[in-house]
Every structure is written in C-alpha cells, then in structure tokens.
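The next block holds one structure in the form of structure tokens; read it before the comments.
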Amino acid sequence: LNPSQDLGFEGSFFKLFARKPTGAARLIALKPAIDHARMVVTGTAQMRQIDIDLEMQDPEMQAMADPTLLGQVLVNLLSNALDAIGDRANGRVSIKVARGVGLVAIAVADNGPGLASEVLPNLFEPFFTTKDAGTGLGLGLTICEGIVREFGGSLSARNLPDGGAEFTIELKAPDADSGEAHVRV
C-alpha cells in the first residue's frame, strides 16, 4: 500500500484511532468516536442478537475530548450494557447524543435489569464491581469517570423508569460558558 494513496473513509477512520492519545481535550467530531466504539462491540452484540441504536440530533456535533480516550470510554460503557443484558431476548442498547446549553450529552442505555439502589452510590469507586469474581477488576467505570473528568466533563448513572440503566457523559460544547448546565437525552 502506497502511504500517499487515499484510503477513503475507512482508512482515515482507522488512522484517527491508531494515533497515541494525548489525553488533552480538544474540539473533536463525536460521530467517529461513537462509530468506532460501536464497531468494536459489534461482534459481541451480533452474537447475543442485541441491537445498538444511535440517535444524534446532528451528525456533525462536536465537543471537547480526546477521540481515542472517548472511544475507549464508550467501548467500556457499551460492553457493560451488553453484559447487563446478557442472554435476554429482545436486548437493546441505545446511544443518544443531544446538545444542551454549553454541553453535549452522550447517553448509553440498555434494557437490562438496571442497577440495584445500593450499587448506584459506589459505581465509580475503585475495585467496585457487580460482575462475578474473575470477570472484572472493578476499575473500568473508575477509569472512565477519570478520563471524562480530565476532559472537563462528567459521567453519571441512573436507572430508567421502564427498566435498564443509563450512563451519561456530559462534555463541554464548542461554545460552552462557565454556567452549570445539564441536558437529559
């Protein structure tokens, strides 16, 4: 392959995620990071017959993040959602991206059993896990929360009224001001 050859969308897509992450938040397009994360978990989702839907108000939406690290956070959240659904029939994971005042929210929701009320306050603590022994160290959400915080954002979790859990990443939008704002997706 000639290095100067145009690789098209797929080539530029993979080149973007092959770069070493800087960890520094900068203005990025969100759709490539989301598409990459979906691609990483596609095999597991297909094997379990779980659909992963994406709903974005604007496919050109941007926010402050590192694309590689945001992709890793999304892969972790999607993997956790798939694990929560397990072998249930009609499993569904949704990713919703919405713009609010000064921020962008990315919500990853599943239709699994949801989170026990005693689990919610401890989700982001190191070594806390709801998985069986030997299947997780309990560091994934802690690391994800730290990454998102480094971007100047936040990561939160809640149970959905109709069942299932939702994890929401809030990132600064390009025109973010210093006001406290939240958006529900």
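Per my numbering, the very first residue in the sequence shown carries number 664; after that it's consecutive. Heads up, the beta-carbon is just placed ideally off N, CA and C, and yes, glycines get one too.
- Rounded to whole angstroms, the Cβ separation of Ile-806 and Gly-816 is 14 Å, and the two are not in contact under 8 Å.
- About 6 Å separates the Cβ atoms of Asp-729 and Ala-688, confirming a contact at the 8 Å cut-off.
- For Ser-742, the closest alpha carbon among the candidates Pro-824, Val-704, Ala-820 and Glu-829 is that of Val-704.
- Assignment of beta-bridge partners to Arg-689 by DSSP yields Ala-728.
- Under DSSP, Gly-816 forms no beta bridge with any residue.
- By the Cβ-count criterion, Leu-690 is exposed, with fewer than 16 other Cβ atoms from all chains shown falling within 10 Å of its own Cβ.
- Remark: C-beta atoms of Leu-732 and Phe-814 approach each other more closely than 9 Å.
- Here Asn-753 is exposed, its C-beta having fewer than 16 other C-beta atoms within 10 Å.
- DSSP lists no bridge partner for Met-702.
- Between Ile-810 and Val-736, the CB-CB gap stays under 9 Å.
- Boundaries for Gly-826: no beta strand (DSSP E) harbours it, and the DSSP string shows neither H nor E there.
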